[in-house]
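Going line by line, the protein sequences match chains A and B.
Adding 15 to a residue's 1-based position in the first sequence gives its number in our numbering.
Adding 2 to a residue's 1-based position in the second sequence gives its number in our numbering.
Glycine included, C-beta positions come from ideal geometry on N, C-alpha and C.
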Amino acid sequence: MTTILDPTAERSVSARPRLARPESLEGLRVGLLDIAKTKGDIFLDRVEQKLTERGLVVKRYAKPTNTRPAPTALSQKIATEVDVVIEALSD
Amino acid sequence: MNLPDTGLVAIVKRDCETCVMTEPVLAALAAAGSLTVYVQDDPTFPESVPHDHDATLDVSHKLNIEVVPTLLLRENGQEVGRTFGWHKVQWRELTGLATLGEDLPDLRPGCGAKNIEPGIIEDLLVRHGETGLKSRRVEFGTQEDEIEALFDRGWSDGLPVVPPTEARVLRMLGGTARDPQEVIGKIPSDLADCTVEKVAINAVMAGCKPEYLPVVLAAVEAVLEEPFSMHGVLATTMFVGPMVIVNGPIRRSIGMNAKGNALGQGFRANNTIGRALQLVIRNVGGGRPQEVDRATLGNPGKVGFCVAEDEEGSCWESLATERGIPKGKNAVTVFAGYGLQGIVDQKSRDPESLAQSFAECLKAVQHPKLYQGADALVVVCPEHERTFREAGWSKARLYDELHARTQRLADEIMPGAGGVAEGTTAFAAGTMARKFRDGGLMIVRAGGGAGMFSGIIGGWSASGEKGSSPVTKEIKL
Chain A
16 MTTILDPTAE
26 RSVSARPRLA
36 RPESLEGLRV
46 GLLDIAKTKG
56 DIFLDRVEQK
66 LTERGLVVKR
76 YAKPTNTRPA
86 PTALSQKIAT
96 EVDVVIEALS
106 D
Chain B
3 MNLPDTGLVA
13 IVKRDCETCV
23 MTEPVLAALA
33 AAGSLTVYVQ
43 DDPTFPESVP
53 HDHDATLDVS
63 HKLNIEVVPT
73 LLLRENGQEV
83 GRTFGWHKVQ
93 WRELTGLATL
103 GEDLPDLRPG
113 CGAKNIEPGI
123 IEDLLVRHGE
133 TGLKSRRVEF
143 GTQEDEIEAL
153 FDRGWSDGLP
163 VVPPTEARVL
173 RMLGGTARDP
183 QEVIGKIPSD
193 LADCTVEKVA
203 INAVMAGCKP
213 EYLPVVLAAV
223 EAVLEEPFSM
233 HGVLATTMFV
243 GPMVIVNGPI
253 RRSIGMNAKG
263 NALGQGFRAN
273 NTIGRALQLV
283 IRNVGGGRPQ
293 EVDRATLGNP
303 GKVGFCVAED
313 EEGSCWESLA
323 TERGIPKGKN
333 AVTVFAGYGL
343 QGIVDQKSRD
353 PESLAQSFAE
363 CLKAVQHPKL
373 YQGADALVVV
383 CPEHERTFRE
393 AGWSKARLYD
403 ELHARTQRLA
413 DEIMPGAGGV
423 AEGTTAFAAG
433 TMARKFRDGG
443 LMIVRAGGGA
453 GMFSGIIGGW
463 SASGEKGSSP
473 VTKEIKL
């Protein structure tokens, strides 16, 4: 019998359920996150226009670069300021 | 282990001349009273003295024997004195026999004990549960093929890996003076703490020798530096993976190849160091293709891409030296690079023509109309370097020439220009566009003596501050 050493980080992942998807956006604050991918701003401009026409409160956010994870401060800001987020993932 | 509560204990081996020399002394001690002798190797030695064979070396290990012969004195179950090698005065003091070894010289050094030989000490530490290794033990069934079991658990890059047994990992850790539990950083994408021990495990799996471990550790540390942006390099849909360039005397001491087939297969250090880095990313960080690794095509170098610069054959300062590492120090430089694009020029014999050839090929990195996106590494072969050397071109001169000669008129690279929709809008019409950012070119010298074939390793579109910058790190032994 061979015994080897685990080459992984041996994480025990705790699964957390996602927040339930809202039935409607009415009354919710919507965040729009531009991750700095090409043309993401164009897509989000149009989404903002559509949502604003419906009378929704929209806040814009931007990652400094798409090549790195969002700064923690930005994630925390989004989490405290809006109820849902729409992210423009790719060009 | 049947050690006497009170009495003398000697540990010897036949393969040690000093032990053989002391046989008459041991015989005298045995005749005088309580002496227990353990022999580490030949069970017939010493013929003239009653003895036990420490076949498993467990007795020697428990007694922490480092040198043979060792003579130790026990009283009431405790060791109260020991001497090693042949030291007449000390042996006499320990035994209380004033005329012991009268015919022998005063001093004769002993030999290394068998229980601390590399390859043996590790097995003893494992058997006695004294490895200090913290990783979870995974036991394979007796009918389980180890190599297949490692594939099945998803811990391979697609090629067989060496099973990381405790003994192998201990031997690997012998390659560094660093504490196995030292955390060297958080590996993306899981941002999991990575210890020296985890790197050693993956280095074993990659096929590294212990003496490669400091290079692997430096490479892991380098990719974790913020400017390298390992998370992005891993997650991008583009081709790149971490390429490692090694400089300094360690290249030669661990047998790295910087000459013929410098970027290819066939040289253990080159091939396994790069592989170990990628296994750390995969296994510790959880970066697997078609998961967080979103590469569309990837490149063959993502199994592992590690090269050594031929510093001795170069007329230029090394890559590490130009990046701030003092000459004579060991360093790795990591670069987010992808496969090889050749520069074939067998006709240029003056540096201007050759530099222009290099530039024409460099313009095509990623796309001839994409300007100031990717960095590039140029690997200059000996026959091309000769042309620059004989003309007295410094490395700085070559950098300047390549930057100047890769410029294109902005109008030529606009989207739609030349009938190609792809293009660059960052430069005003009528101006000259620079292909590479400042510091976006790197030159190393490697390769076999014959052949006018240099190479370009292209970088990531997101090179520099917006993505990944090369990182150079000194290697700690």
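Under 7 Å Cβ-Cβ, which residues of chain A neighbour G234/B?
-> T82 and R83
Taking V346/B as part of the alpha helix (DSSP H), name the residues at either end of that continuous run.
-> Counting along the chain, V346/B falls outside any alpha helix (DSSP H), though it belongs to the beta strand (DSSP E) covering A333 to V346.
Please confirm if the region 68-83 of chain B is in contact with the region 103-113 of chain B, defined as three or more CB-CB distances below 8 Å between the two stretches.
-> yes
Report yes if the C-beta distance between A412/B and A398/B is below 8 Å; otherwise report no.
-> no
Start and end residues, alpha helix (DSSP H) containing M444/B | It is not in any alpha helix (DSSP H) - M444/B instead sits in the beta strand (DSSP E) that spans L443 to R447.
Any chain A beta carbon closer than 8 Å to A278/B = no
Cα-Cα separation, R173/B to G35/B | 41 Å
Tell me, please, whether the CB atom of I203/B is closer than 8 Å to any CB atom in chain A?
-> yes
Does A393/B have its Cβ less than 8 Å from a Cβ in chain A?
-> no
CB of G451/B within 8 Å of CB of P384/B, strictly | yes
Cβ of T154/B less than 8 Å from any chain A Cβ?
-> Here residue 154/B is Asp; the residue named in the question, Thr, does not match the sequence. False, the Cβ-Cβ gap to chain A never drops below 8 Å.
Proximity of Q42/B and L59/B at Cβ, strictly below 8 Å | yes
Could you spell out the range, first to last residue, of the alpha helix (DSSP H) harbouring D60/B?
-> D60 to K64
Quick one: which chain B residues come within Cβ less than 8 Å of D21/A?
-> S137, R138, R139, V140 and I203
Same chain, Cβ closer than 7 Å to D125/B, five either side skipped, listed in chain order = A169
Between the Cα of G103/B and those of K371/B, G177/B, E25/B and R138/B, spot the shortest distance and give me the residue it belongs to.
-> E25/B
Sort V248/B, E150/B, R439/B and M240/B by Cα distance to Y214/B and report the nearest one.
-> V248/B
May I ask you to report which of helix, strand or coil DSSP gives P244/B?
-> strand
With a Cβ-Cβ cutoff of 8 Å, do E387/B and S316/B count as a contact?
-> yes
Proximal residues, the region 84-101 of chain B versus chain A, C-beta separation under 7 Å = none
Where K65/A falls, given that 16 or more other Cβ within 10 Å makes a residue buried = exposed
Any alpha helix (DSSP H) of 4 or more consecutive residues that is wholly inside the region 160-190 of chain B = 168-175
Distance, Cα to Cα, V367/B vs D402/B?
-> 18 Å
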